[in-house]
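Asker: For the first sequence, counting from 1, position 59 maps to 59 in UniProt numbering; every step adds exactly one.
Virtual Cβ for every residue (Gly too), placed ideally from N, Cα, C.
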Amino acid sequence: MGRSPCCEKGHRNKGAWTKDEDEKLISYIQAHGEGCWRSLPKAAGLLRCGKSCRLRWINYLRPDIKRGNFTEEEDELIIKLHSLLGNKWSLIASKLAGRTDNEIKNYWNTHIKRKLLNRGIDPQNHRPLNLNCVRDYTNTSASSMTLVSSNKQNIEESDENSSTGRIDLDDRERTMRCPDLNLDLSIGLPSSSLPIQEVSGSSLCLCCNLEVGSSSGDKCCNVCGQVKSCTIKLRS
DNA sequence: AAAATATTCAACCGCCGGTCC
DNA sequence: TGGACCGGCGGTTGAATATTT
1 MGRSPCCEKG HRNKGAWTKD EDEKLISYIQ AHGEGCWRSL PKAAGLLRCG KSCRLRWINY
61 LRPDIKRGNF TEEEDELIIK LHSLLGNKWS LIASKLAGRT DNEIKNYWNT HIKRKLLNRG
121 IDPQNHRPLN LNCVRDYTNT SASSMTLVSS NKQNIEESDE NSSTGRIDLD DRERTMRCPD
181 LNLDLSIGLP SSSLPIQEVS GSSLCLCCNL EVGSSSGDKC CNVCGQVKSC TIKLRS
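(1) Compare the beta carbon distance of I78 and A93 with 7 Å and say whether it is the shorter of the two.
(2) According to DSSP, is I65 part of a helix, a strand, or is it coil?
(3) Quick check: L61 and G50, are their CB atoms within less than 7 Å of each other?
(4) Ordered along the chain, which non-local residues of its own chain (more than five positions away) have a Cβ less than 6 Å from that of P123?
(5) Just curious, the alpha helix (DSSP H) that S79 is in, first and last residue?
(6) Does DSSP put P123 in a helix, in a strand, or in coil?
(7) Look at the Cβ atom of N13, then the Cβ atom of R56, and state whether they are nearer than 7 Å.
(8) Excluding sequence positions up to five away, which residues of its chain have a Cβ less than 6 Å from the Cβ of N59?
(9) Take K24 and list the residues in its own chain whose beta-carbon comes closer than 8 Å to its own, dropping the five residues that flank it on each side.
(10) Just the C-alpha distance for W17 and Y28, rounded to the nearest angstrom, thanks.
In structure tokens form, the structure reads like this:
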């Protein structure tokens with residue numbers, strides 16, 4: 001009947017970590033490595049739950065974390081990856097060395113969303129906010145597109161209504177927007193509907209392009225090998 | 001200078017999938 | 001086979017800080 005809590009009952013510290021707690025966690029992991037998060041707090045002398053320790057380490061204390069502002073290149077990469085993957089922050093983070101999923105998620109919500117809105121692009125589905133803009137959009141680079149006042153209602157509505165992070169263009173609209181771009185990004189379907197991207201004149205599947213691998217370990221695009229059923233392991 | 005408002009981001013929460021027994 | 005456990009994920013919260021009035 002129900003699951004047990006993630007850590008034993010009793011007094012637990014919550015909220016911001018103190019310097020002393022940080023030092024305890026760092027020194028323990030340096031000595032013993034990342035291991036069983038559940039038993040780590042007790043072993044390290046911390047009054048925290050294992051999950052909290054894991055989060056603190058992964059998002060803040062890990063030595064390979066990159067500090068500082070995101071670069072323009074990182075911005076654009078995040079936007080591209082989000083357009084392909086949706087809110088799969090951990091998958092996106094795995095493509096940006098030194099960045100954590102939490103950091104990217106926060107950065108998306110505070111900076112990139114606004115940036116895309118200013119470009120007249122819905123940050124959830126990467127569609128133009130106003131279909132009246134479609135013609136202009138196809139003739140203009142996205143980065144140079146500015147938000148017109150009539151879009152304001154669309155911004156608010158799309159922000160509220162589109163919470164899935166999925167790409168849900170219908171074919172007709174997609175063709176109108178991007179006539180030369182194949183955005184068939186279905187994931188986990190048989191080879192007939194594999195996610196294929198055109199890269200430098202040759203096709204490269206999404207899995208291979210992102211180096212996330214296929215379920216079978218086989219290559220699955222016509223750049224890297226035979227065509228086989230290819231699934232990216234993503235939560236639905 | 002103070003109060004109100006907006007923004008940022010570390011941390012928490014609850015759920016899910018994989019593994020073990 | 002099913003339940004318990006655990007790690008990991010994405011969404012959300014709220015305290016701290018910055019900006020505006």
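Answerer: Reading it off the structure:
(1) no
(2) If DSSP states are grouped into helix, strand and coil, I65 belongs with coil.
(3) no
(4) K113, L116
(5) Looking at the sequence itself, residue 79 is Ile, so the reference to Ser does not match. Where I79 is concerned, the enclosing alpha helix (DSSP H) stretches over 72-85.
(6) coil
(7) Using a Cβ distance threshold of 7 Å, N13 and R56 do not count as a contacting pair.
(8) T100, N102
(9) Setting aside the 5 residues that flank it on each side, K24 is surrounded in the same chain by A44, G45, L46, each with a C-beta closer than 8 Å to its C-beta; the list follows chain order.
(10) 16 Å
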